[in-house]
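A short write-up of the structure that comes next.
Protein chains: 2
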Amino acid sequence: MAKHAFYAQSGGVTSVINATACAVIQTAQKYPNKIGKVLAGKNGILGALREELIDTSKESDQDIEALRHTPSGAFGSCRYKLKGLEDNRAQYERLIEVFSAHDIGYFFYNGGGDSQDTAHKVSQLSQKLGYPLTCIGIPKTVDNDLPLTDNCPGFGSVAKYVAVSIREASFDVASMFETSTKVFILEVMGRHAGWIAAAGGLAHENDEDGPHIILFPEILLDEKAFLKRVKAIVEKIGFCSIVVSEGVRNQEGKFLSESGLKDAFGHAQLGGVAPVIAELVKSNLGYKYHWAVADYLQRSARHIAAKTDVEQSYAVGKMAVEFAVSGKNAVMPIIVRESSKPYCWSIGEAPLEKVANIEKKMPKDFITRDGFHITDKCREYLLPLIQGEDYPPYQNGLPQYVKLKNILIPKKCPTFKNL
Amino acid sequence: MAKHAFYAQSGGVTSVINATACAVIQTAQKYPNKIGKVLAGKNGILGALREELIDTSKESDQDIEALRHTPSGAFGSCRYKLKGLEDNRAQYERLIEVFSAHDIGYFFYNGGGDSQDTAHKVSQLSQKLGYPLTCIGIPKTVDNDLPLTDNCPGFGSVAKYVAVSIREASFDVASMFETSTKVFILEVMGRHAGWIAAAGGLAHENDEDGPHIILFPEILLDEKAFLKRVKAIVEKIGFCSIVVSEGVRNQEGKFLSESGLKDAFGHAQLGGVAPVIAELVKSNLGYKYHWAVADYLQRSARHIAAKTDVEQSYAVGKMAVEFAVSGKNAVMPIIVRESSKPYCWSIGEAPLEKVANIEKKMPKDFITRDGFHITDKCREYLLPLIQGEDYPPYQNGLPQYVKLKNILIPKKCPTFKNL
């Protein structure tokens, strides 16, 4: 009888990770001789450790299809990193115990760098223990920081959201600056890498277009140069529109978001670099400002997902299953850029050991020399990733996102307490 | 020869006010015997006072048509309220001077309550001075606070943005709360009225759906009851999603956004009620939180505008011109709700004197008795306003919004200094 497959979503969710889940389930159905059911981990890998396995065969075809346009993690995700094999071998052995009890022969792990590392370790241990398990990593992260793959599923849609949003807000400020706001600041995600902030730069097609300044986590903020630039732009164009990454740091390397705000009781206020930048502008230049913090809105904005991103998210899920049924192991499908103009891509393959725990940084030549914007090379890289619209269906004015039944299969193992 | 028309955009812009401008210009073109050119004020009414008049006939038909899908104010808007007739009669006389010099016989003023008041006063003065001027107000405000009209053009699209965004963010949190964020807070506009915050409530179709709590400016925040509610929801559902209006006040009636945050130098931090609510939750309940501030993104989000809103914004502009050419004066087109199910609307008429300076509040029975959500009656009112999608055209993954040439006509009057 065909072995079952285990699929789990890991880490911060995206607006398109469910498109990958949809692909895994739909593709597995095409190989009934090789794959039985797809069992999904409730809340990611925790679902395996706790033996909380969702039977996806209980969902209707229609609901599985609707995953393609539903943001977030339909089975639940988690921020839970398995420790090293030496530190907590028991956790890995537990996974094998649960997989074995439920006749699971395939492990699909959909996440970022940490998850690929886990998938790699599970693969190693299954071999050591003599338990045959096909381990396939599937890339996902809005941070766009996985190596080898040209880009990461999930990133393109955040990129599109940020570029569209800063374009629209800049139009707003452009029409009001005479008597109102002169500096607008949009804070976006990206604690360690400026990929998301960089994407805002795509809205800037000529000098007048916002954003006029981008602040990257890669560049320590030079306050004086920044303020000089803001002033010059306001004097030339009338207003200044800024995208700032949450991970921007000051000259001492300290996160700006942790540098200033305190509540009425003197407690440090967590998060929010936009108001810190706003206050810096206000107190030094006196300009009226407004700021926005996109936070989760950006990574859940399925309503404005990039078609390219949705297609690639589906494609990596599909290929993951095809890798598995063709006998590959300990690999991850990657996105290969064949050409930028016109944009052509295909799905390639990378060994998990080469993906695990390596963070892809923005190349230095993607940021202009002054540190305040993106280069043409960066634009050429980013532009294809936000192409196309892929609107969800609407009912009563609201997008119709699916909520699955998520029915667990009966447990067979003893309770595991080593979480 | 036909008199020219003057059109100006006033106050905070919206994602659909240009659809109204488009309608005014296109409809005026249908009456060449009655209306000459449409001259638009550069930066709103300031354009009339400074004699900076944009000749819209210099724009291509295609560009005027593109206004229909372009957010913000294409001719510039301003926050500039004319004083009372007694306090500064010179300003009103200046308007007449400029209108007279350029053979302007129609005054279309597109704005909120203050603007309707101005239009009314200009109408009165033109009669007193014996200068024939047809004054038509055109409603616009995301605040939805104009009287007589069932709703205000501009509001429906913000409402849709907020409902879509909180739905998406709630899906995100729902899939992560086990090991991550338990409380999510989205701050939206609405300093004096909770219409926009209320719209978020449309995403809540059953108990599990966010938002679970809405904080209105109409209800002084009862911290204890609020925290108790948050705790109960987290314990029941696992997470709590909150929409908070920027205008929420504490029991002393003070804006929460001004109540707490200080920067490193001890200066009060302006704006941002979301982080204040977040800190309240964190320090009392210990839950991990995230917050977002939508700010200008919400009112410029043409990419997710409500079709109903776009159509109504166009319809009031069209009717304003038709009122004018049919000899009406000192009136404003209003939206009349014929029925909610199915939603039917028509354009009616209100005298400016009855619109000016009256703020429409949210009815008491639109907010639940506990003060934390909207009632079915509110839902019935709001739901039709977010119906339909009206996507802008895209190129290279970004919405294509038009920038007009905005060519000024030569000045004829002396410089006016009384601004």
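Protein chains in written order, with my numbering: chain E, 3 to 421; chain H, 3 to 421. All residues carry an ideal CB built from backbone N, CA and C; glycine is no exception. Computed from a prediction, not measured in an experiment: that's the story for all the values here.
Test item: CB-CB of residue i and residue j under 8 Å
| i | j | result |
| --- | --- | --- |
| N90/E | A10/E | no |
| G46/H | F8/H | no |
| K219/H | V250/H | A quick correction: the sequence has Pro, not Lys, at residue 219/H. Yes, the pair counts as a contact, with Cβ atoms nearer than the cut-off. |
| T22/H | P149/H | no |
| L258/H | L287/H | no |
| S1/E | G196/E | With chain E running from 3 to 421 in the structure shown, residue 1/E is simply not present. |
| M178/H | V404/E | no |
| D147/E | V338/E | no |
| T183/E | H292/E | yes |
| I369/E | T377/E | yes |
| G399/H | L421/E | no |
| V357/E | Q118/E | yes |
| I411/E | L55/E | yes |
| E53/H | K413/H | yes |
| F110/H | A176/H | no |
| L84/E | T120/E | yes |
| I198/E | V160/E | yes |
Cross-chain neighbours of residue i in chain H, by beta carbon under 9 Å
| i | result |
| --- | --- |
| V236/E | Under the 9 Å cutoff, chain H gives no residues; its nearest Cβ is about 16 Å from V236/E. |
Partner residues on chain E for residue i, Cβ-Cβ distance less than 7 Å
| i | result |
| --- | --- |
| A303/H | E170 |
| F173/H | P73, S74, S302, Y403 |
| P335/H | Those do not exist, as P335/H stays about 23 Å from chain E at its closest Cβ, beyond 7 Å. |
| Y396/H | E391 |
| H292/H | D297, Y298 |
| L204/H | L400 |
| F186/H | Y298 |
Inter-residue CB distance, residue i and residue j (contact presumed, cutoff 8 Å)
| i | j | result |
| --- | --- | --- |
| V283/H | V185/H | 5 Å |
| V295/H | A276/H | 5 Å |
| R81/H | T310/E | R81/H to T310/E, Cβ: 40 Å. No contact. |
| G114/E | G13/E | 5 Å |
| M334/E | A352/E | 5 Å |
| I306/E | Y163/E | 5 Å |
| F374/E | I216/E | 6 Å |
| E355/H | W347/H | At roughly 24 Å, the Cβ-Cβ gap does not stay under 8 Å, so E355/H and W347/H are not in contact. |
| A322/H | I138/H | 5 Å |
Identity of the residue in the options nearest residue i by Cα
| i | options | result |
| --- | --- | --- |
| T1/E | E355/E, T58/E, R301/E | This structure cannot settle anything about residue 1/E, because the visible part of chain E is limited to 3 through 421. |
| G38/E | K44/E, I27/E, G46/E | I27/E |
| H206/H | V236/H, Y291/H, R381/H, G86/H | R381/H |
| G86/E | Y94/E, Y291/E, T183/E | Y94/E |
| S172/E | D57/H, G78/H, T22/H, Y289/H | G78/H |
| S167/H | R193/H, P213/H, P155/H | P213/H |
| N408/E | V40/E, K32/E, K5/E | V40/E |
| P34/H | T16/H, M3/H, A50/H, I19/H | M3/H |
| D174/E | L84/H, W293/H, L299/H | L299/H |
| N390/E | K123/H, P401/H, Y289/H | Inspection of the sequence shows that residue 390/E is occupied by Gly rather than by Asn. When each option's Cα is compared against that of G390/E, the closest is P401/H. |
| F101/E | I336/E, Y291/E, P134/E | P134/E |
| D63/H | F325/H, A25/H, A92/H, L84/H | A25/H |
| A332/H | N359/H, H122/H, G319/H, P73/H | H122/H |
| C415/H | A68/H, I98/H, T120/H | I98/H |
| L69/E | A358/E, I349/E, K366/E, E313/E | E313/E |
| D211/H | F418/H, A165/H, F228/H, K83/H | A165/H |
| H6/E | F374/E, T58/E, N208/E, I19/E | T58/E |
| S315/H | E53/H, P141/H, K130/H, A50/H | P141/H |
| H71/E | N20/E, E88/E, E170/E | N20/E |
| K362/E | D145/E, I349/E, D105/E, P344/E | D145/E |
| G274/E | R304/E, R193/E, N359/E, D392/E | R193/E |
| N252/E | R231/E, V18/E, K320/E, A227/E | A227/E |
Residue i: contacting residues in chain E (beta-carbon distance under 8 Å)
| i | result |
| --- | --- |
| R81/H | M178, T181, S182 |
| P155/H | The contacting residues do not exist; P155/H stays about 16 Å from chain E at best. |
Chain H residues whose Cβ lies nearer than 8 Å to that of residue i
| i | result |
| --- | --- |
| G43/E | The contacting residues do not exist; G43/E stays about 11 Å from chain H at best. |
| V166/E | H305, L400, P401 |
Under 9 Å from the C-beta of residue i: neighbouring residues of chain B
| i | result |
| --- | --- |
| A21/E | Among the chains of the structure shown, chain B does not appear; the protein chains present are E and H. |
7 Å Cβ cut-off: residues of chain H touching residue i
| i | result |
| --- | --- |
| V15/E | D174, S177, M178 |
| G78/E | S177, E180 |
| K162/E | G399 |
If you scan the segment 282-324 of chain E from start to end, which runs of the beta strand (DSSP E) of 3 or more residues do you find wholly inside it? 291-295
Every unbroken alpha helix (DSSP H) within the segment 334-371 of chain H, with a cutoff of 4 residues, ordered by chain: 354-357
So within the segment 61-103 of chain H, which uninterrupted alpha helix (DSSP H) runs reach at least 4 residues, ignoring any that extend past its ends? For the alpha helix (DSSP H) assignment, the uninterrupted runs of no fewer than 4 residues enclosed by the segment 61-103 of chain H are, from N- to C-terminal side, 63-68, 91-103.
My parser needs the beta strand (DSSP E) runs of 3 or more residues fully inside the segment 182-222 of chain H; what are they? 185-190, 215-217
In chain order, which continuous runs of the alpha helix (DSSP H) of length 4 or greater are located wholly inside the segment 115-139 of chain E? 115-130
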